[in-house]
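In the UniProt record's numbering, the protein residues as written are 1 to 232.
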């Protein structure tokens with residue numbers, strides 16, 4: 001804290017005095033500070049970390065050494081943000097398999113779905129989504145919707161594990177619901193968290209395309225609704 005206050009004082013009012021400090025003295029001060037800034041722990045594990053992370057570290061290190069610290073920080077933040085979005089999109093794609101209650105492509109039903117399998121069989125399809133839904137999720141999502149069996153009567157989209165949806169994710173959901181409506185497939189949403197629900201309401205997916213009565217906290221409520229309204 002004292003170091004920070006001293007630097008603030010130099011920047012705000014003591015710059016004239018600092019100008020009289022010999023450059024050799026400043027170099028002696030800045031050299032150990034520069035070594036402390038280097039992420040030595042990260043460099044030791046450079047070969048063990050993911051390749052993309054290692055590339056970002058090297059780029060930032062080189063820019064800091066041979067260029068501008070401010071530019072290096074800015075580019076580092078941008079690259080790290082892009083990596084995060086890519087990984088979040090990949091995580092979302094892993095949760096895009098659509099299956100009956102028996103599971104799809106070897107995926108087993110969740111514990112709260114197991115008891116309902118013998119009753120509903122192939123009439124209800126369930127989509128499990130995981131993680132934030134970014135731009136990378138859009139095309140795969142639409143392809144998955146097209147792969148639905150023509151015999152399906154209802155699709156339950158489980159959003160329990162989706163904390164965030166961006167604009168492209170919203171449009172993908174909207175297009176999917178519109179496409180399913182044309183095929184007389186009812187869409188039901190469960191486990192909506194606060195941010196995704198606000199986004200869905202902001203462009204009127206709720207209540208225009210999916211009514212409030214078709215959004216539920218739990219999967220059991222969704223099944224009960226479908227059983228009563230569609231005679232499954």
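Every residue gets a Cβ at the ideal spot worked out from N, C-alpha and C, and that includes glycine. Note that the structure is predicted; figures quoted are calculated from it, not measured.
Remark: fewer than three beta-carbon pairs, one from each stretch, lie closer than 8 Å, so the segment 59 to 76 and the segment 123 to 133 are not flagged as touching. In the displayed model, residue 128 falls within a strand according to three-state DSSP. Annotation note: the segment 1 to 53 contains the following uninterrupted alpha helix (DSSP H) runs of length 4 or greater, listed N- to C-terminal: 2 to 12, 15 to 18, 23 to 37, 40 to 44. CA-CA distance, residue 129 to residue 169, rounds to 12 Å. Taking a cut-off of 8 Å on C-beta distances, the segment 196 to 210 does not touch the segment 220 to 227, as fewer than three cross pairs fall below it. Taking each of 24, 145, 163, 202 in turn and checking the Cα distance to residue 187, the smallest one comes out for 145. Taking a cut-off of 8 Å on C-beta distances, the segment 162 to 182 touches the segment 200 to 215, as three or more cross pairs fall below it. Comparing alpha carbon positions, the residue from 35, 84, 22, 26 closest to residue 52 is 84.
In this structure, the beta-carbon distance from residue 131 to residue 160 does not fall below 7 Å.
Burial state of residue 35 is exposed, judged by a 10 Å Cβ sphere holding fewer than 16 other Cβ atoms.
Around residue 80, the same chain offers 56 as residues with beta carbons nearer than 7 Å, after the five sequence neighbours per side are excluded.
The beta carbon of residue 154 sits closer than 8 Å to those of 123, 124, 125, 185, 186, 187, 188, 226, 230, 232, all from its chain and outside the five residues before and after it, given in chain order. Taking C-beta atoms under 8 Å as the contact rule, residue 58 and residue 158 fail to qualify, at a distance of about 40 Å. Counting only the Cα atoms, residue 60 lies some 10 Å from residue 68.
By the C-beta density criterion, residue 65 is exposed, having fewer than 16 other C-beta atoms within 10 angstroms. For a cut-off of 8 Å, the C-beta gap from residue 178 to residue 209 is around 7 Å, short enough to register as a contact. In the DSSP annotation of this structure, the continuous segment of the alpha helix (DSSP H) that includes residue 178 starts and ends at 167 to 182.
Assigned with DSSP and collapsed to three states, residue 203 falls in coil, not helix or strand. DSSP places residue 112 within a helical segment (H, G or I) once states are collapsed to three.
Straight across, the Cα-Cα distance linking residue 167 with residue 214 is about 22 Å. For residue 216, the three-state secondary structure derived from DSSP is strand. Residue 209 carries a helical assignment under DSSP once its states are collapsed to helix, strand and coil.
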